[in-house]
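In this note's numbering, the protein residues as written are 67 to 298.
Here is the structure we will look at, set down as structure tokens.
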Amino acid sequence: MSHSTMRGIGGAVVGAAGFGGTPTIRENIYTLPNLLTVSRILACPVLGWSILDGNYHLATGLLVYAGLTDLADGWLARRYQMSSVLGTILDPAADKTLMTTLTITLAMQDLLPVPLAVIILGRDALLSLSAFYIRYSTLPHPKTFSRYWDFSLPSAEVRPTNISKVNTALQLLLMGTTTISPILPIDLGLPLTGLQWLVATTTIWSGLSYIFSKDAIRVVAQANSNKPHLPS
Numbered sequence: 067m068s069h070s071t072m073r074g075i076g077g078a079v080v081g082a083a084g085f086g087g088t089p090t091i092r093e094n095i096y097t098l099p100n101l102l103t104v105s106r107i108l109a110c111p112v113l114g115w116s117i118l119d120g121n122y123h124l125a126t127g128l129l130v131y132a133g134l135t136d137l138a139d140g141w142l143a144r145r146y147q148m149s150s151v152l153g154t155i156l157d158p159a160a161d162k163t164l165m166t167t168l169t170i171t172l173a174m175q176d177l178l179p180v181p182l183a184v185i186i187l188g189r190d191a192l193l194s195l196s197a198f199y200i201r202y203s204t205l206p207h208p209k210t211f212s213r214y215w216d217f218s219l220p221s222a223e224v225r226p227t228n229i230s231k232v233n234t235a236l237q238l239l240l241m242g243t244t245t246i247s248p249i250l251p252i253d254l255g256l257p258l259t260g261l262q263w264l265v266a267t268t269t270i271w272s273g274l275s276y277i278f279s280k281d282a283i284r285v286v287a288q289a290n291s292n293k294p295h296l297p298s
């Protein structure tokens, strides 16, 4: 390896000094956990089509696949030290893509109340817009279009708040139960109504938590600048 680069923990690579003498941090984004996460995102259109087509057996199978790959990518990243900043972005993005697909299609099938769908989608839209702004504001100079979309250049890491984790679990429980409810032999109307009210509450609460929490966003450049330099 040349003297202009240094490989760090988790496959991150610090390149030669860039703009203003600040080293450019790169990391390996082509990992199995990231591949599994991307596969969940790519499965979402098929999931949406299956719900709109009334094929709830296929939809249930895809939900099981999404759940298993979600567990697998997290375990692989921890077990084999394949964590990446991109992974911290892709994983919640996959959850949100799945949630958006389920919310829209289940509402179109009259299985989910429209006001609840508006709350869920509205929160996610606001968080997505915030993520675009955070990415731009924390990206090291020079801030170019190509560098903005180069996710091997980490700039900020999103850390889910505790209530956000609870909300994601409850949303997935609601969407999963709603999806399989048409093929179950029992009526889940009353339990689903109570779960819908609970999800509406935690969705609003979790959205506010990102505004008031100081630990939800970690700027990578600042975190690395605070680390002691290795002796030359």
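Every residue gets a Cβ at the ideal spot worked out from N, C-alpha and C, and that includes glycine.
Measure how close the beta-carbons of residue i and residue j come, nearest whole angstrom, since I'm counting them as under 8 Å.
| i | j | result |
| --- | --- | --- |
| Ile186 | Met165 | 7 Å |
| Met148 | Pro206 | Not a contact, Cβ separation roughly 24 Å. |
| Leu240 | Leu254 | Actually they do not touch by this definition, with Cβ atoms about 11 Å apart. |
| Tyr214 | Arg201 | 7 Å |
| Thr204 | Ser275 | Actually they are not in contact, since the Cβ atoms of Thr204 and Ser275 sit about 20 Å apart, beyond 8 Å. |
Between the options, which lies nearest to residue i when the distance is taken from Cα to Cα?
| i | options | result |
| --- | --- | --- |
| Ala235 | Asp136, Pro208, Asp253 | Asp136 |
| Trp115 | Gln175, Thr243, Ser272 | Gln175 |
| Pro158 | Ser203, Val104, Tyr131, Thr210 | Val104 |
| Leu119 | Asp253, Gly255, Thr171 | Here the sequence assigns Asp to residue 119, which means Leu is not the residue at that position. Per the Cα distances, Thr171. |
| Gly133 | Gly242, Thr204, Pro181, Phe211 | Gly242 |
| Leu250 | Thr126, Tyr96, Cys110, Asp190 | Thr126 |
| Asn121 | Asn233, Pro248, Arg106, Ile270 | Pro248 |
| Ile277 | Thr244, Leu182, Ile229 | Ile229 |
| Lys162 | Ser203, Ile95, Thr267, Ala109 | Ala109 |
| Thr169 | Leu101, Asp139, Ala266 | Ala266 |
| Ala173 | Thr204, Lys209, Trp263, Thr245 | Thr245 |
| Pro179 | Thr259, Val130, Trp141 | Thr259 |
| Gly153 | Pro181, Ile117, Thr97, Val112 | Thr97 |
| Thr269 | Asp216, Leu193, Leu128 | Leu193 |
| Leu177 | Ile117, Leu156, Asp216 | Ile117 |
Within the same chain, show all residues whose beta-carbon is closer than 6 Å to that of residue i, passing over the 5 residues directly before and after it, in chain order.
| i | result |
| --- | --- |
| Ala160 | Thr103, Arg106, Ile107 |
| Gly273 | Arg189 |
| Ala197 | none |
| Asp139 | Pro99, Leu102, Thr103 |
| Met67 | Low local confidence applies: a pLDDT of 47 at Met67 is under 50, so the model's placement there is unreliable, with the coordinate-based value given in what follows. The answer is none, since no qualifying residue turns up. |
| Ala183 | Thr169, Ala173 |
To which residues of the same chain is residue i closer than 8 Å at the C-beta, ignoring the five residues directly before and after it?
| i | result |
| --- | --- |
| Trp271 | Ile229, Asn233 |
| Pro111 | Thr167 |
| Arg144 | none |
| Lys209 | Tyr202 |
For a test of your reading of the model: does the CB of residue i fall under 7 Å from any non-hydrogen atom of the ligand SAM? Yes or no.
| i | result |
| --- | --- |
| Arg106 | The ligand SAM is not part of this structure, which contains no ligands at all. |
Could you pull out every residue in the same chain whose Cβ sits closer than 7 Å to the Cβ of residue i, ignoring the five residues on either side in sequence?
| i | result |
| --- | --- |
| Tyr131 | Ala109 |
| Ile252 | none |
| His123 | Ile249 |
3-residue-minimum beta strand (DSSP E) runs that sit fully inside the region 152–234, ordered along the chain: Taking only runs of at least 3 residues, the beta strand (DSSP E) segments lying wholly in the region 152–234 are 222–224.
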